[in-house]
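*Asks:* Here it is: the structure, laid out below.
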Amino acid sequence: MYNESRSFRSPFKVVGLIAGGIVGLIALVVGLSSFDKVDATEHCVKTRWGRVITPKVENGLTSTVAADLTCFPLTQQQFPGGAVRGEEAASETVEFLTRDSIMMSAEIALNWKYVNVDSAFTTRRSHDAVLSEMANAVRSGARDAGATIGLRDLMGANRAGLDEVFRTAINNQMSDYALVEKVYIRKVQIPANIQSLWTQTIAMTAEQTKARAQYLTDSLNARRTVIVAEAEARKVELETRALATSPEVLRLRTAEAMAKGLSEICKGVNTCIIGGSVMDTWKSPLPR
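So the working numbering is basically just the index in the sequence shown, starting at one, shifted up by 14.
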């Protein structure tokens, strides 16, 4: 009778052991799932039923029994795209109206980081909510930045400074717990008709500049010719007055003419004799 009772209880003992093992396994799984790892690159806030119990959880494993962790990354972030990993970031297409009332679009990407996680948690409560605010700030900031620039800024030397203009505008729209550090403007789309008109305008401006330069050159040349002519006329006038008023100048001119005449008379001959009558004529005193 004793042996039969013992053998009857053995199955229940086995079942109890199995049930105990299952319960223990479940307790182990529950216990392990009640811990989360906090990385050094994040700031985690522990709450219990919505109330903050640990503003900044230490790195390592932490118990989450009857508690929740809300974490914010401390590393530099890309928008859109998340953590910076070195590859080309995704971009968001934004539209804006320029200062000269031209609707344009461009792709924009940016790098940003948290500068006050406590304020971000108090204001937005989660990282995803901050990303939603960032998206709104990007679109609104792009509109504000676009309103301050014109087509000449997009096509000329000021193009290199547009990234900073957009960065400032987006930061002005974003709350102070996040800071945009760098903005990348890519693939600025200008309407085809505006692009064509701009190209024609540049070509016409170049032609006008060339024509203006040629006009200035011609004007200077013409003015130079007038000045030379006026100087020559003035020289002749002064010489004429001198001849009329100075006997010495007149004698000098006469001697010069005589020398030239003699050189012409005797040109091309070996022996040149000039009669006395001719010489006497040249040597006679001038009539007074």
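In this text, a Cβ means the ideal position worked out from N, Cα and C, and glycines have one as well.
On a predicted model such as this, the values are computed, not experimentally measured, just so you know.
#1: Could you tell me whether the Cβ atoms of Leu88 and Thr55 are closer together than 8 Å?
#2: What do you get for Ala120, buried or exposed, if any count of 16 or more other CB atoms within 10 angstroms of its CB means buried?
#3: Helix, strand or coil, according to DSSP, for Gln228 in the structure here?
#4: Look up Leu83 in the DSSP assignment and say whether it is helix, strand or coil.
#5: In the DSSP output, which residue or residues are listed as bridge partners for Ile122?
#6: Please confirm whether Ala156 and Val108 have their CB atoms less than 8 Å apart.
#7: Quick check: what's the CA-CA separation for Ala171 versus Ala149?
#8: Less than 8 Å between the CB atoms is what I'm expecting for Thr223 and Leu165, so what's the real figure, rounded?
#9: Under 8 Å, with one C-beta from each stretch per pair, do the stretch 189–197 and the stretch 120–129 reach the 3-pair mark?
#10: Rounded to whole angstroms, what is the Cα-Cα separation between Asp177 and Met218?
#11: Which whole-angstrom value describes the C-beta separation of Gln187 and Ala151, a residue pair presumed to lie in contact below a C-beta threshold of 8 Å?
#12: Between which two residues does the alpha helix (DSSP H) holding Arg153 run?
*Replies:* Checking against the coordinates, here is how it stands:
#1: Here the question's residue 88 lines up with position 74 in the sequence shown. Here the question's residue 55 lines up with position 41 in the sequence shown. Yes, Cβ-Cβ distance for Leu88 and Thr55 is below 8 Å.
#2: Locating residue 120 in the sequence shown gives position 106, where the first residue counts as 1. It is buried - the Cβ of Ala120 has at least 16 other Cβ atoms within 10 Å.
#3: Here residue 228 refers to the residue found at position 214 of the sequence shown. Helix.
#4: For the purposes of this step, residue 83 is taken as residue 69 along the sequence shown, with counting starting at 1. In the structure shown, Leu83 sits in a strand (DSSP, three-state: E or B).
#5: Translated into the one-based positions of the sequence shown, residue 122 becomes position 108. According to DSSP, Ile122 bridges with Glu106, Ile199.
#6: Counting from one through the sequence shown, the residue named residue 156 turns up at place 142. Counting from one through the sequence shown, the residue named residue 108 turns up at place 94. Cβ atoms of Ala156 and Val108: closer than 8 Å.
#7: Residue numbering aside, residue 171 sits at position 157 when the sequence shown is read from its first letter. Residue numbering aside, residue 149 sits at position 135 when the sequence shown is read from its first letter. Between Ala171 and Ala149, the C-alpha separation is close to 29 Å.
#8: Taking the sequence shown and counting its residues from 1, the one referred to as residue 223 is at position 209. Taking the sequence shown and counting its residues from 1, the one referred to as residue 165 is at position 151. So it is not a contact: roughly 19 Å between Cβ atoms.
#9: yes
#10: The residue you call residue 177 lines up with position 163 of the sequence shown. The residue you call residue 218 lines up with position 204 of the sequence shown. So the two alpha carbons sit approximately 30 Å from each other.
#11: Indexing the sequence shown from 1 puts residue 187 at position 173. Indexing the sequence shown from 1 puts residue 151 at position 137. Indeed they touch by this definition, with Cβ atoms about 4 Å apart.
#12: Along the sequence shown, one-based indexing puts residue 153 at 139. Counting along the chain, the alpha helix (DSSP H) containing Arg153 begins and ends at 141–160.
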